[in-house]
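**Q** Just add 216 to the spot in the sequence shown (first one is 1) and you have my numbering. One structure, pasted below without further comment.
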Amino acid sequence: MKILMIGAHQDDAEFRCGGTAYKLAQLGHSVKFLSLTNGCGGHHLLTAEETVAVRAKESAAVAELLGIEYEIWSDQADCALIADLPTRRRLICSIRSFAPDIIITHRPNDYHADHRACAMLVQDAAYMLIVPHECPEAAAMRTSPVIMYYEDGFTNPAFNCDLVVGIDEVIDIKLQIAHLNASQVYEWLPYTNGETVPTGEKERFEWLKGLDMSTPHTDEEILSLPRGYAVRFARPAAKFREKLTEKYGTEQGAKIRYAEAFEVCEYGAKPSDEVKALFAAL
């Protein structure tokens, strides 16, 4: 199958479903990340041009690690994405060129204007993907893709977990994804949060994780810890423990420490038996 993961920025798909992307690619499915902006706004010391170049290299490294395709809208400025008609039509053509069975993207309620615009663009494009006279320069798709949302912590409305994927066996890959986005996790985001990053390579990676992964933690402990990418990647398992036990069984579901969760968007096609089987096998 073909799965398109659309983010407003170059770390959005990575951090929300990088483990699922890797598992799908390892099973032979075609996975593509699409970033609708070039990341130019995401640094406090580098110029916009330097930031775009650095982030492009980081994304290329992620694509190589995961074995996926990666497209970046290099001419679309960060922090300036708008859900207007020209951008919608550009997205329609981009989606049609890949013809995905599944699209995964942001929910429309989000703290970042780019995230909200990305979600609205996907929603507004959803039906138009099968309309031949809309964007006739790109052949219309014959069937609508399934559309899903990344998991998030926003509560108005709250995320509804329809599908969950345990990623314990690939958590090292997902942490490596974060490590490869060095300009973000060690530079820009710590600057915005007022954090100080250790200078040593080993110490820096331990700081990135935010917890001792060799020590078991209860779900309550994970949900109370303030920071760290291992913490971040563990929260979906802690939040959606019941879904994990439903999928993997009581014993295995209780042991899973890291997960990714998805909500089905009603604007896309309903998940077919094939799509359900795909996620059931992950």
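The beta-carbon is built from N, C-alpha and C at its ideal position, and this holds for glycine as well. On a predicted model such as this, the values are computed, not experimentally measured, just so you know.
Restricting to runs no shorter than 3 residues, where is the beta strand (DSSP E) found entirely within the segment 296 to 327?
**A** As far as the segment 296 to 327 is concerned, its whole beta strand (DSSP E) runs of at least 3 residues are 318 to 321.
**Q** Have a look at Arg-457 and Asp-435 and give me their C-alpha separation to the nearest angstrom.
**A** 8 Å
**Q** By the three-class DSSP mapping on this structure, what secondary structure does Phe-375 have?
**A** Correct three-state label for Phe-375: coil.
**Q** Tell me the DSSP secondary structure of Ser-440 in three-state form.
**A** The DSSP-derived three-state label of Ser-440 is helix.
**Q** Taking the CB atoms as reference points, tell me whether Leu-345 and Ile-311 lie closer together than 8 Å.
**A** yes
**Q** Would you mind sorting Phe-370 into buried or exposed? The rule is 16 or more other CB atoms within 10 Å of its CB.
**A** exposed
**Q** How is the alpha helix (DSSP H) around Tyr-483 delimited, first residue to last?
**A** Where Tyr-483 is concerned, there is no enclosing alpha helix (DSSP H), given that its DSSP letter is neither H nor E.
**Q** For the alpha helix (DSSP H) that Gly-234 lies in, which residues bound it at each end?
**A** Per DSSP, Gly-234 belongs to the alpha helix (DSSP H) from 228 to 242.
**Q** Grouping DSSP H, G and I as helix and E and B as strand, with all else coil, what is Ala-416?
**A** At residue 416 the sequence reads Gly, which differs from the Ala that was named. Coil, per DSSP.
**Q** Within the continuous beta strand (DSSP E) that includes Tyr-499, where are the two ends?
**A** No answer is possible for residue 499: it lies beyond the span of the chain, which begins at 217 and ends at 498.
**Q** From Tyr-483 to Thr-431, what does the alpha carbon distance come to, in whole angstroms?
**A** 42 Å
**Q** On a Cα-Cα basis, can you pick out the residue from Leu-240, Gln-226, Ala-335, Asn-376 that is closest to Gly-257?
**A** Selected option, being the one with the closest Cα: Gln-226.
**Q** Once you ignore the five residues that flank Met-501 on each side, which residues in its own chain have a CB closer than 6 Å to its CB?
**A** Not covered by the structure: residue 501. The range shown for the chain is 217 to 498.
**Q** Could you compute how far the alpha carbon of Thr-303 sits from the alpha carbon of Leu-460?
**A** 38 Å
**Q** Beta strand (DSSP E) containing Glu-458: first to last residue?
**A** Unbroken run through Glu-458 is the alpha helix (DSSP H), 457 to 464; no beta strand (DSSP E).
**Q** Straight-line CA distance for Ala-355 to Val-480?
**A** 26 Å
**Q** Rounded to whole angstroms, what is the Cα-Cα separation between Ile-438 and Glu-350?
**A** Spanning the two alpha carbons is a distance of roughly 47 Å.
**Q** Can you confirm whether the segment 409 to 420 touches the segment 448 to 455 when touching is taken to mean that 3 or more C-beta pairs between the two stretches lie within less than 8 Å?
**A** no
**Q** Any contact between the segment 224 to 239 and the segment 263 to 270? By contact I mean 3 or more CB pairs, one from each, below 8 Å.
**A** no
**Q** Write down every uninterrupted run of the beta strand (DSSP E) in the segment 245 to 278 whose length is 3 residues or greater and which is fully enclosed by it, in chain order.
**A** Listed in chain order, they are 246 to 251.
**Q** For the segment 356 to 367 against the segment 276 to 291, do three or more pairs of beta-carbon atoms, one drawn from each stretch, fall closer than 8 Å, so that the two count as touching?
**A** no
**Q** Could you tell me whether the Cβ atoms of Asn-397 and Glu-274 are closer together than 8 Å?
**A** yes
**Q** Just how far apart, CA to CA, sit Cys-377 and Gly-469?
**A** 15 Å
**Q** What distance in whole Å lies between the Cβ atoms of Ala-315 and Met-357, which are believed to be in contact at a cut-off of 8 Å?
**A** Yes, Met-357 and Ala-315 are in contact; Cβ-Cβ is about 6 Å, under 8 Å.
**Q** When the Cα atoms are used, what is the spatial distance from Ala-276 to Leu-252?
**A** 15 Å
**Q** Secondary structure at Val-347, three-state DSSP: helix, strand or coil?
**A** In the three-state reduction of the DSSP assignment, Val-347 falls in the coil class, being assigned neither a helical nor a strand state.
**Q** Got a sec, what are the start and stop residues for the beta strand (DSSP E) Met-221 sits in?
**A** 218 to 223
**Q** What did DSSP end up calling Ala-356 once you bin it into helix, strand or coil?
**A** coil
**Q** Output needed for Cys-395: all residues of its chain with C-beta closer than 8 Å, excluding positions within five of it in sequence on either side, in chain order.
**A** Checking the sequence, you will find His at residue 395 rather than Cys. So the qualifying residues of the chain are Val-401, Phe-421, Leu-424.
**Q** Given His-259, which residues of its chain have a CB within under 7 Å of its CB, disregarding the five upstream and five downstream residues?
**A** Thr-267, Ser-399, Glu-403, Trp-404
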